[in-house]
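Asker: For the sequence shown, full-length UniProt numbering begins at 1 and goes up steadily by one.
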Amino acid sequence: MIARDLFGTTRLVRNWGRIGTDGQELVEVFASEIEAGWALEVIACAKWRRGYWDL
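(1) Give the straight-line distance between the Cα atoms of Ile43 and Asn15, rounded to the nearest whole angstrom.
(2) 7 Å is my cut-off, CB to CB: does Arg4 come that close to chain E?
(3) Spatial neighbours of Met1 within its chain, please: C-beta separation below 6 Å, excluding the five flanking residues on both sides.
(4) Quick one: what's got a C-beta closer than 7 Å to Ala3's C-beta in the same chain, skipping five residues either side?
(5) Per DSSP, which residues does Trp16 bridge with? Please list them.
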C-alpha cells in the first residue's frame with residue numbers, strides 16, 4: 001500500500017504472514033509517489049514470478 005504520512009513523505013507499507021495472524025509489516029520511505037510505485041511494481045513482479053497470487 002502506498003500512503004502519505006503527516007510529514008509529507010511517501011511510504012510503501014508491506015505486510016505478510018499467515019492468514020488469520022497479525023503477521024509482520026515493513027515500511028519503506030520514498031521521495032515521491034512515482035518512486036514508491038516503481039518499487040511496488042518490482043516487488044509485485046518478483047512475487048508473481050515465484051507463484052504468489054493476490055488475495
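Heads up, the beta-carbon is just placed ideally off N, CA and C, and yes, glycines get one too.
Note that the structure is a prediction, hence the values are computed from the model and not measured.
Answerer: Based on what the coordinates show:
(1) Taking the straight line joining both Cα atoms gives about 12 Å.
(2) Any reference to chain E falls outside this structure, which holds one protein chain only.
(3) Cβ neighbours of Met1 beyond the five flanking positions: Val13.
(4) If you ignore the 5 residues before and after Ala3, its C-beta comes within less than 7 Å of the C-beta of Arg11 and Val13, all in its own chain and listed in chain order.
(5) In DSSP, Trp16 forms a bridge with Gln24.
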